[in-house]
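Just below is one structure, and these are the notes that go with it.
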Amino acid sequence: MAEKPKKKERLTAAEIKKFRLMLVSKRNILLGNVSSMENDALREQRSNLSNTPIHMADLGTDSFEQEFTLELMDSERKLISEIDDAFKRIENGTYGTCEIGGEPISKQRLNAIPWARCCIKCASLLEKGIIQKENPLNKYNYADGIDDEESNSDDQ
Numbered sequence: 009m010a011e012k013p014k015k016k017e018r019l020t021a022a023e024i025k026k027f028r029l030m031l032v033s034k035r036n037i038l039l040g041n042v043s044s045m046e047n048d049a050l051r052e053q054r055s056n057l058s059n060t061p062i063h064m065a066d067l068g069t070d071s072f073e074q075e076f077t078l079e080l081m082d083s084e085r086k087l088i089s090e091i092d093d094a095f096k097r098i099e100n101g102t103y104g105t106c107e108i109g110g111e112p113i114s115k116q117r118l119n120a121i122p123w124a125r126c127c128i129k130c131a132s133l134l135e136k137g138i139i140q141k142e143n144p145l146n147k148y149n150y151a152d153g154i155d156d157e158e159s160n161s162d163d164q
């Protein structure tokens, strides 16, 4: 006789504590990275204030490096925001529950990505565009980019 698949269990207090520590550790690393990048950028900017002539190719390289650093810092800040949201989910008791399907997120997934908002199945469906996460702006009908005044002026 085939065995029934086990129903996924909710996280215990000890498991939540472990994931909280993982989140704190990752957040501290990211904050250190962002701070280091900011300091490096400021140091580089100060060194460029000298009266030394600069070659145009050097300006292009510097500009590329600065843009790359800014994008990396933005990415790190977004991840910090995701981690902060995970702390909020811990506080309100929804941590470890898929925001889309409502099922528990596997412990294996949380070990890999402790800030995960949804289970692997729903994350895969989101990535493929099969399902969409609710956008809070959609309830205000901003999706089409036309407000009432513009649509009324066309009728006259």
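Just so we're aligned: the sequence shown equals residues 9 to 164 in the working numbering. Even glycine gets a Cβ: it sits at the ideal position worked out from N, Cα and C. Predicted model, so just to flag it, every value in this text is computed and none were measured.
Taking contact to mean at least 3 C-beta pairs separated by less than 8 Å, is the stretch 82–91 in contact with the stretch 28–44?
yes
ILE24 and TYR103 look like a contact to me (Cβ under 8 Å); what is the Cβ gap, rounded to whole Å? 6 Å
At which residues does the alpha helix (DSSP H) containing LYS115 begin and terminate? 115–120
| field | Three CB pairs or more closer than 8 Å across the stretch 128–136 and the stretch 107–118 | value | yes
Where ARG28 and SER83 are concerned, what is the direct C-alpha to C-alpha distance, given to the nearest angstrom?
21 Å
(message) Let me confirm a value: LEU80 is counted as buried when at least 16 other C-beta atoms fall within 10 Å, else exposed. Which label applies?
(response) exposed
**Study point:** Contact set for MET45: own chain, Cβ-Cβ below 6 Å, skip 5 residues either direction
**Key:** THR77, MET81
Own chain residues within Cβ distance below 7 Å of ALA124, not counting five before or after: ILE113, ARG117, LEU118
**OP:** Ignore the nearest five residues each way along the sequence and tell me which others in ILE98's own chain have a CB closer than 7 Å to its CB.
**Re:** ILE24, ARG28
* Asked: For THR105, which residues does DSSP report across the bridge?
  -> PRO112
Check your understanding: Rounded to whole angstroms, how far is the Cβ of LYS86 from the Cβ of ILE108, which I believe are closer than 8 Å?
Key -> Between ILE108 and LYS86 the Cβ distance is about 20 Å, and since that is not below 8 Å, they are no contact.
Less than 7 Å between CB atoms is the rule here; does LEU87 satisfy it with respect to chain D? Among the protein chains of the structure shown there is no chain D, as only one such chain exists.
Helix, strand or coil for ALA131 per DSSP?
helix
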